[in-house]
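This report concerns only the one structure given below.
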Amino acid sequence: MLAKTKKSEKKRLLFESLYRLSVIFSGLILFIIIIFIFASGFPALKEYGFFEMILNKEWSPNATDPQFGLLYMVLATIISTLLSLLIAIPIGVLSAAYLSKMAPKKIKKTIMFFVEILAGIPSVIYGFFILKTLVKIIYDNGKYIEGVSGNSMLAAIAVLALMSLPTIITVSVTSLDAINKSYDEASYALGANTIQTIFKVDLRAARLGIMSAIVLGAGKVIGETMAVMLVSGNAINFPGNLLEPVRTLTSNIATEMAYASGLHQSALYATGIILFILIMILNYILLVVIKRGGTSDA
Amino acid sequence: MRKYKQLILIGCFFFLCSCSQSKDLEISGSTSVAPLMNKLVEQYQKDTNQKININADGSSAGIKAASENLANIGMVSREVEKDELALGLKSEVIAIDAMAVIVNKDNQVTNLSQQELCDIYSGKIKNWSEVGGKNLGIVIVSREYGSGTRNAFEEITGLLNEDKSSNTNAKAIIVNSTGAVIENVQQKEGAIGYLSLGSITENTKTISINNIEPTKRNVLRNKYLLTRNFNIVTKNADDKTKAFIEFIHSEKGHEIIAEEGFINVSQD
Chain P
1 MLAKTKKSEK KRLLFESLYR LSVIFSGLIL FIIIIFIFAS GFPALKEYGF
51 FEMILNKEWS PNATDPQFGL LYMVLATIIS TLLSLLIAIP IGVLSAAYLS
101 KMAPKKIKKT IMFFVEILAG IPSVIYGFFI LKTLVKIIYD NGKYIEGVSG
151 NSMLAAIAVL ALMSLPTIIT VSVTSLDAIN KSYDEASYAL GANTIQTIFK
201 VDLRAARLGI MSAIVLGAGK VIGETMAVML VSGNAINFPG NLLEPVRTLT
251 SNIATEMAYA SGLHQSALYA TGIILFILIM ILNYILLVVI KRGGTSDA
Chain L
299 MRKYKQLILI GCFFFLCSCS QSKDLEISGS TSVAPLMNKL VEQYQKDTNQ
349 KININADGSS AGIKAASENL ANIGMVSREV EKDELALGLK SEVIAIDAMA
399 VIVNKDNQVT NLSQQELCDI YSGKIKNWSE VGGKNLGIVI VSREYGSGTR
449 NAFEEITGLL NEDKSSNTNA KAIIVNSTGA VIENVQQKEG AIGYLSLGSI
499 TENTKTISIN NIEPTKRNVL RNKYLLTRNF NIVTKNADDK TKAFIEFIHS
549 EKGHEIIAEE GFINVSQD
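Note that the protein sequences, when read in sequence, are chains P and L. Every letter in the first sequence is one number past the one before it in our numbering, and letter 61, counting from 1, is 61. If you want our numbering, it's the 1-based position in the second sequence plus 298.
Below is the structure:
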């Protein structure tokens with residue numbers, strides 16, 4: 001008897017340390033990545049200056065007096081992220097509301113099946129799809145206008161909106177499904193119709209889940225590289241015209257990493273640092289919004 | 299005792315490693331020459347078992363390494379300057395890299411002057427009708443910063459400023475591979491792009507520069523504008539180094555150079 005408990009105790013300890021190791025491992029990886037990126041990007045930041053980097057628009061890494069201004073790329077990243085979310089959030093949340101509250105079971109099951117497949121498709125496929133459709137359409141209709149090349153901020157926004165939709169839909173549906181049925185019943189008993197119930201009751205009750213859906217979608221959008229690189233044109237250009245090419249922070253790293261060396265390479269890591277900071281700020285803002293939304297009428 | 303055995307084994311291993319290292323041939327320099335050098339080395343290692351290490355860190359770094367005896371051979375994708383040769387270096391051309399300018403197959407333009415090419419890429423000329431083509435916006439396709447092809451193209455056409463900053467139009471599409479240049483030019487009627495002469499395909503139209511067609515013959519006769527030499531520099535080359543350079547100039551070496559899309563130079 002005693003031997004058995006000892007054995008199970010040993011087993012418990014073994015597994016406990018296994019769990020602990022796993023946690024340490026994943027924490028350590030983040031730590032190592034942060035150290036690596038900051039160490040690699042530091043020479044350029046030191047040489048050029050952090051604020052100079054985000055406030056200067058000139059990117060000219062091979063000049064004798066190299067310039068590493070990221071302003072246009074920071075703006076392009078922020079603008080394309082916001083505009084793509086502006087498209088994806090309403091479509092995603094409304095589809096989730098329909099799927100969760102209005103659709104017959106069979107239809108919901110089929111559509112959710114396809115949405116989940118969409119979520120698993122590699123981003124480069126989305127990029128290729130937009131390249132062969134929207135980019136081509138833009139170019140074919142605008143080729144007589146000088147400066148229109150198809151590859152554009154509009155195409156980047158489209159591919160980002162398309163990519164974030166499955167995430168926003170699946171997470172929103174899960175949180176809408178989790179609402180206590182009595183909420184709906186109470187609403188209907190008071191004489192509200194389906195639409196009223198969805199907007200006045202369900203979407204409010206599932207607010208936290210929908211917010212996390214948006215955060216996840218935003219994270220996917222701001223960090224997307226391959227698909228954006230394919231369709232955005234990668235030009236270091238002020239993002240003031242939807243039909244002109246732009247370059248985001250992620251595609252700056254991916255486009256130039258292959259042949260970069262010395263300070264140029266360091267500046268690309270510094271681009272990663274600034275992207276990192278941008279993502280932290282975005283997450284912080286969204287967290288604050290969620291917190292405020294969660295406490296205002298709980 | 300067992301521990302010591304392992305230690306001794308590890309020690310032997312490192313000793314052997316360092317031994318073989320000292321016999322290796324070290325090649326260092328231009329990132330543009332490195333892919334070709336890789337292919338040459340691959341074949342040479344198959345034939346002779348000679349170990350060769352390639353380090354692609356830029357033409358100037360290659361010259362420096364060769365002059366300081368840190369590398370047996372330095373790869374240089376520009377002309378070697380006089381003060382660099384004064385360091386006791388011997389320079390020779392191993393291949394010529396020529397660039398071709400391509401446009402869409404539906405484009406009627408067949409020739410551009412150097413000035414027109416420069417004006418198109420800097421954004422001064424925006425419409426094909428300005429250079430004898432259709433009324434169609436020009437879509438500029440260029441390579442990324444750091445690309446050897448971009449650097450050579452900008453230098454030769456005059457797109458580089460005195461301080462090496464680029465005059466290429468900020469609205470040009472930037473891609474980071476030859477394949478993407480071809481793809482863009484093939485898909486877009488108004489597009490123009492540039493690439494290594496050896497990489498041209500039938501899907502696009504190659505145009506003449508200053509009325510000279512980009513053919514191997516014109517490149518060798520030094521008539522075609524968009525070319526640069528791939529040089530190697532050595533300092534007091536030893537026998538191993540000489541043997542490898544001999545291989546580069548051999549028939550087998552020339553075959554590889556041609557396969558990679560570059561142009562051979564026959565030694566006199």
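Yeah, the Cβ is synthetic: ideal placement off N, Cα and C, and Gly gets one too.
Original post:
Taking contact to mean at least 3 C-beta pairs separated by less than 8 Å, is the region 236 to 255 of chain P in contact with the region 166 to 180 of chain P?
Top reply: no
Subject >> L/L434: contacting residues in chain P (beta-carbon distance under 7 Å) >> reply: K143 and Y144
**OP:** Please confirm if P/P61 has its CB atom under 8 Å from at least one CB of chain L.
**Re:** yes
**OP:** Pull up the CB-CB distance for L/K469 and P/P245, whole angstroms please, since I reckon it's below 8 Å.
**Re:** 6 Å
**OP:** Let me know if P/K200 comes out buried or exposed under the rule of 16 or more other beta-carbons within 10 Å of its beta-carbon.
**Re:** exposed
**OP:** Could you tell me which chain L residues have their CB closer than 7 Å to the CB of P/K148, listed as they occur along the chain?
**Re:** A quick correction: the sequence has Val, not Lys, at residue 148 of chain P. Simply G435.
Original post:
What are the uninterrupted segments assigned as beta strand (DSSP E) that are 3 or more residues long and contained completely in the region 216 to 252 of chain P, given in chain order?
Top reply: none
**OP:** Spell out whether any CB of chain P is found under 8 Å from the CB atom of L/T329.
**Re:** yes
Original post:
Looking only at its own chain, which residues have a Cβ that is under 6 Å from the Cβ of P/A30, when we skip the five neighbours before and after it?
Top reply: Going by the sequence as given, residue 30 of chain P is Leu instead of Ala. No residues qualify anywhere along the chain.
**OP:** Please list, in chain order, all residues of the same chain as P/E116 whose beta carbon is under 8 Å from its beta carbon, the five residues on each side excluded.
**Re:** P166 and T170
Original post:
Taking the alpha carbon of P/S95 as the point to measure from, which residue in P/A44, P/Y144, P/N241 and P/L203 has its own alpha carbon closest?
Top reply: P/L203
Original post:
When DSSP labels each residue in this structure, what does L/M397 get in the three-state scheme?
Top reply: strand
Original post:
Between which two residues does the alpha helix (DSSP H) harbouring P/Y188 extend?
Top reply: K181 to A189
Subject >> Cα-Cα separation, L/C315 to L/N347 >> reply: Note that L/C315 has pLDDT 48, beneath the 50 cutoff, so the model's placement of it is unreliable and the number below is only indicative. Cα to Cα, L/C315 sits roughly 16 Å from L/N347.
Original post:
Which class does L/V331 belong to by DSSP, given the choice of helix, strand or coil?
Top reply: coil
Original post:
Looking at the structure shown, is L/Y492 part of a helix, part of a strand, or coil, going by DSSP?
Top reply: strand
Original post:
Is the distance from the Cβ of P/L70 to the Cβ of P/T255 below 8 Å?
Top reply: no
Subject >> Ranges of the beta strand (DSSP E) found wholly within the region 342 to 425 of chain L, counting only runs of at least 3 >> reply: 350 to 354, 371 to 374 and 388 to 401
**OP:** Output yes if chain L places a C-beta closer than 8 Å to the C-beta of P/A260; else output no.
**Re:** yes
**OP:** For the alpha helix (DSSP H) containing L/R448, list its first residue and its last residue.
**Re:** G446 to T455
Original post:
So is P/P122 in contact with chain L if we call contact Cβ pairs under 8 Å?
Top reply: no
Subject >> Rounded separation between L/E340 and L/I543 - CA only >> reply: 14 Å
**OP:** Would you identify the three-state DSSP class for L/I435, choosing helix, strand or coil?
**Re:** Checking the displayed sequence, the identity of residue 435 of chain L turns out to be Gly instead of Ile. Three-state result, L/G435: strand.
**OP:** Using a Cβ cut-off of 8 Å (strictly closer), state whether P/G240 contacts chain L.
**Re:** no
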